[in-house]
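What follows is one structure encoded as structure tokens, with my remarks underneath.
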Amino acid sequence: MTPPALITLGVLAVSLVLFVSDRVRLDIVALLALLSLLLFDIVPVEDALAGFSNPVVIMLVGLFVIGGAITETGLAGWLGQRLGHLAGEGEGRTIAVVMLATAALSAFMSSTGTVAILMPVVGTLALRRGIAPARIYLPFAFAAHLGSMLTLISTPPNLIVSGALRDAGHEPFRFFTFFPIGVVMLAAGMLFLIFAGKYLLPSAAQGQVAAQAVLSPEDFATEYGLGTLLHALRVPRGSKLVGRTLGEANLRSAHAVNVVGISLMGAAHPVVPHRPFGADEILVVQGHEDAVVATVEHWGLERLPSLQSLSLPPEESLAEVVIPRRSALAGRTLRQARFRDQFRATVLAIRRGTDAVVDASSPALKDFTLRRGDTLLVKGRKKHLRNLSEARKDLILLAEPDPRTDRLADPRRAALTVIITLAMLTVMALGLLPNVVAVLLAAVAMVLTGCVRSADVYRTVNWESVVLIAGMFPLATALERTGVTQLAVAGLERLFTGASPHAVLAVLAIVTSTLGLFISNTATAVLVAPVALRIAESMELRPEPLLMAVAITASAAFATPIASPVNTLVMSPGGYRFADYARVGIPLQVLIVALAVLVVPWVLPF
Numbered sequence: 002m003t004p005p006a007l008i009t010l011g012v013l014a015v016s017l018v019l020f021v022s023d024r025v026r027l028d029i030v031a032l033l034a035l036l037s038l039l040l041f042d043i044v045p046v047e048d049a050l051a052g053f054s055n056p057v058v059i060m061l062v063g064l065f066v067i068g069g070a071i072t073e074t075g076l077a078g079w080l081g082q083r084l085g086h087l088a089g090e091g092e093g094r095t096i097a098v099v100m101l102a103t104a105a106l107s108a109f110m111s112s113t114g115t116v117a118i119l120m121p122v123v124g125t126l127a128l129r130r131g132i133a134p135a136r137i138y139l140p141f142a143f144a145a146h147l148g149s150m151l152t153l154i155s156t157p158p159n160l161i162v163s164g165a166l167r168d169a170g171h172e173p174f175r176f177f178t179f180f181p182i183g184v185v186m187l188a189a190g191m192l193f194l195i196f197a198g199k200y201l202l203p204s205a206a207q208g209q210v211a212a213q214a215v216l217s218p219e220d221f222a223t224e225y226g227l228g229t230l231l232h233a234l235r236v237p238r239g240s241k242l243v244g245r246t247l248g249e250a251n252l253r254s255a256h257a258v259n260v261v262g263i264s265l266m267g268a269a270h271p272v273v274p275h276r277p278f279g280a281d282e283i284l285v286v287q288g289h290e291d292a293v294v295a296t297v298e299h300w301g302l303e304r305l306p307s308l309q310s311l312s313l314p315p316e317e318s319l320a321e322v323v324i325p326r327r328s329a330l331a332g333r334t335l336r337q338a339r340f341r342d343q344f345r346a347t348v349l350a351i352r353r354g355t356d357a358v359v360d361a362s363s364p365a366l367k368d369f370t371l372r373r374g375d376t377l378l379v380k381g382r383k384k385h386l387r388n389l390s391e392a393r394k395d396l397i398l399l400a401e402p403d404p405r406t407d408r409l410a411d412p413r414r415a416a417l418t419v420i421i422t423l424a425m426l427t428v429m430a431l432g433l434l435p436n437v438v439a440v441l442l443a444a445v446a447m448v449l450t451g452c453v454r455s456a457d458v459y460r461t462v463n464w465e466s467v468v469l470i471a472g473m474f475p476l477a478t479a480l481e482r483t484g485v486t487q488l489a490v491a492g493l494e495r496l497f498t499g500a501s502p503h504a505v506l507a508v509l510a511i512v513t514s515t516l517g518l519f520i521s522n523t524a525t526a527v528l529v530a531p532v533a534l535r536i537a538e539s540m541e542l543r544p545e546p547l548l549m550a551v552a553i554t555a556s557a558a559f560a561t562p563i564a565s566p567v568n569t570l571v572m573s574p575g576g577y578r579f580a581d582y583a584r585v586g587i588p589l590q591v592l593i594v595a596l597a598v599l600v601v602p603w604v605l606p607f
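Residue numbers (the numbering used here): 2 to 607.
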């Protein structure tokens with residue numbers, strides 16, 4: 002093996018280690034690989050940068066803009082809200098409806114974006130139906146993966162394998178080429194999770210809640226274990242607290258208690274730093290018993306015998322949010338992130354995993370380092386809490402006591418979004434224009450008609466994914482130029498001597514699915530697609546079934562929480578452990594791989 006080939010393999014190995022460790026952003030890893038290949042003179046500059054002009058990358062940018070329009074016009078949220086009218090009361094029917102709706106949206110948007118949009122709807126729906134979060138969030142996440150197998154534009158691997166076909170001189174996949182195979186995968190996944198899920202999904206004891214017509218602040222307080230930390234105190238006329246503001250009293254820092262509610266004569270008032278306390282006000286404070294006793298003695302307060310309710314002003318509420326992968330909050334403390342100033346909400350508690358909770362009365366809260374997957378209970382004005390749904394890059398809204406109505410925020414723009422999207426899909430399905438041209442036309446139309454604001458266009462694009470794909474293409478090129486791909490193909494040819502095409506497809510599906518457990522499905526497709534194409538050429542097979550199997554199994558990321566950002570997002574809200582993903586995900590992954598081996602050659606013969 003030549004030195005350039007060894008260097009290329011070294012770059013690939015280091016990249017895989019960095020992908021698995023998740024200590025460096027995926028796009029930075031791709032750029033480091035690109036720069037390494039340039040510095041070692043493995044590929045020329047024009048080849049190294051060719052990924053940024055690749056039609057797949059350009060098309061992905063346009064699809065992000067279209068997805069942004071679907072979100073910004075409220076269309077996606079409106080569709081999500083309709084779930085409640087179809088879900089019924091039973092767990093099986095609720096899971097089926099949630100999975101169908103999630104898969105349908107994921108067929109036209111990224112799986113991560115789909116989960117971010119529908120998560121508060123699904124969380125609220127589960128709580129209202131009395132379904133434990135652990136019983137619904139995994140099917141919800143897996144449905145997003147299954148939905149990405151339905152259309153050409155639903156996930157980058159589909160675009161990548163189609164582009165590989167085009168570059169090799171073959172007819173690329175059309176918009177609905179994936180649909181017959183994807184429908185089988187979706188149906189099988191739904192049946193598996195509805196019936197086998199009864200026994201494999203975590204028990205209802207993990208986060209079981211009672212059915213509620215609406216979620217109340219008490220529901221959130223109970224779920225976060227704040228019930229024993231909430232106390233009612235009255236401010237007598239002679240108290241030293243009368244006339245002082247919350248900021249002057251500094252109760253949280255000085256006494257380790259946090260004021261979460263203020264009421265007078267049954268009317269709730271907002272908790273703001275500059276408002277002075279008045280006589281006879283009832284304070285709802287959050288804190289441990291010794292801290293509350295010390296506060297009562299210091300300020301001359303009166304301890305009430307029991308806490309009847311967590312009263313909040315009409316304009317205030319509570320909400321649950323989760324820290325997604327790549328959030329700017331991950332690795333920072335609340336103090337460093339200036340959380341209250343940035344999001345205009347107060348954190349009452351933080352949950353990590355199944356039961357680890359840090360509450361607002363703890364002095365350590367402001368210096369608690371956030372991680373991806375952490376769930377936060379926050380309090381603030383309703384209008385500010387609703388704005389959290391717009392900050393999906395840093396926070397994903399899980400549930401709120403008063404979810405939005407099912408009315409579209411802007412019916413005119415939503416209707417235009419539907420018309421433009423349907424026109425794009427029709428053009429792509431009929432092959433009237435190249436796919437990249439159809440997508441770019443639709444994206445520009447979205448901007449010109451105001452479906453997505455010009456100022457928000459670049460914000461809607463997930464640039465990490467764009468750079469990741471563009472940066473990984475040169476590595477695939479380097480593997481080809483240095484002869485590594487040829488060596489791999491030759492080795493597989495010897496392995497496959499006398500083997501049937503089905504056996505070849507099965508091995509590729511297993512390798513792709515295994516790689517997808519540890520690195521992104523995009524990187525997996527970029528690396529495996531060229532090998533599949535070369536194997537097809539050397540064995541004189543049609544490449545379409547092999548590349549389709551690569552795309553389908555690359556999206557079968559079920560068995561670990563690190564296999565996909567979608568899996569990570571639902572880990573904390575569902576109270577899942579690593580073993581839960583393996584118990585449910587491994588059988589499902591084996592099922593999808595087996596079906597791919599059987600169904601793909603039937604739809605796309607060799």
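All C-beta atoms, glycine included, are put in the ideal place defined by N, C-alpha and C.
Given residue i as reference, the closest of the options once Cα atoms are compared
i: Pro237; options: Met191, Gly190, Glu303; result: Glu303
i: Thr74; options: Ile154, Pro412, Val260; result: Pro412
i: Val258; options: Leu231, Ala268, Ile283, Gln287; result: Gln287
i: Met473; options: Val508, Leu371, Ile520, Ala444; result: Ile520
i: Pro140; options: Leu389, Ser455, Arg352, Pro203; result: Pro203
i: Leu160; options: Leu378, Pro574, Ala471; result: Ala471
i: Lys367; options: Lys383, Arg353, Arg373, Thr347; result: Thr347
i: Gly279; options: Met266, Asp291, His289; result: Met266
i: His289; options: Val99, Leu230, Ala439, Ala105; result: Leu230
Status (buried if at least 16 other CB within 10 Å, exposed otherwise) for residue i
i: Gln337; result: exposed
i: Ile182; result: buried
i: Phe579; result: exposed
i: Gly69; result: buried
i: Ile283; result: buried
i: Ser107; result: buried
i: Glu249; result: exposed
i: Thr422; result: buried
i: Ala14; result: exposed
i: Thr9; result: buried
i: Gly244; result: exposed
i: Thr152; result: buried
i: His232; result: buried
Other residues of its chain near residue i: CB distance less than 7 Å, five sequence neighbours each side excluded
i: Ala560; result: Leu518, Tyr582, Ala583, Gly586, Ile587, Gln590
i: Asp395; result: Ser328, Ala329, Leu330
i: Val453; result: Val66, Gly69, Ala70, Glu73, Met447, Thr461
i: Val260; result: Leu247, Leu252, Val272, Leu284, Val286
i: Ser556; result: His146, Ser149, Met150, Thr156, Pro158, Asn522
i: Leu493; result: Ile536
i: Ala6; result: Thr483, Gly484, Val485
Residues of its chain near residue i, where Cβ-Cβ distance is below 6 Å and the 5 sequence neighbours each way are ignored
i: Val215; result: Confidence at Val215 is low in this model, with a pLDDT of 44, below 50, so the placement of that residue should be treated as unreliable; the coordinate-derived value is given next. Nothing listed; no residue qualifies.
i: Gln309; result: In this prediction, Gln309 scores a pLDDT of 49, lower than 50, which makes its location untrustworthy; the coordinate-derived value is nonetheless stated afterwards. Nothing meets the Cβ criterion.
i: Lys241; result: Trp300, Gly301
i: Gly208; result: With a pLDDT of 42 at Gly208, under the threshold of 50, the modelled position of this residue cannot be trusted; read the value that follows with caution. Closer than 6 Å at Cβ, skipping near neighbours: Ala133, Pro134, Ala135, Gly576.
i: Val12; result: Ala34, Ser37
i: Leu417; result: Thr450, Cys452
Beta-carbon proximity list for residue i, same chain, < 8 Å, skipping 5 on both sides
i: Val185; result: Leu596, Val600
i: Val419; result: Leu76
i: Leu441; result: Ile59, Met60, Gly63
i: Arg373; result: Ile324, Pro325, Arg326, Arg327, Ser328, Ala331, Thr569
Residue i, enclosing beta strand (DSSP E) - first and last residue
i: Thr376; result: 376–382
i: Gly262; result: 259–265
i: His171; result: His171 -> no beta strand (DSSP E), and no H or E assigned at all.
i: His232; result: 231–235
i: His256; result: His256 -> not in any beta strand (DSSP E); alpha helix (DSSP H) instead, spanning 252–256.
i: His270; result: 268–270
i: Ala350; result: 347–353
Element boundaries [alpha helix (DSSP H), containing residue i]
i: Glu481; result: 464–482
i: Val604; result: 579–604
i: Ala533; result: 522–539
i: Glu73; result: 56–73
i: Ile182; result: 180–192
Cβ separation of residue i and residue j, assumed to be a contact under 8 Å, to the nearest whole Å
i: Thr376; j: Leu349; result: Going by Cβ atoms, the distance from Thr376 to Leu349 rounds to 12 Å, so no, they are not a contact pair.
i: Pro544; j: Ala537; result: 4 Å
i: Leu319; j: Lys380; result: 5 Å
i: Ala526; j: Val162; result: 6 Å
i: Val598; j: Ala507; result: 5 Å
i: Phe109; j: Met429; result: Their Cβ separation, rounded to whole angstroms, is 11 Å, which puts Phe109 and Met429 out of contact at 8 Å.
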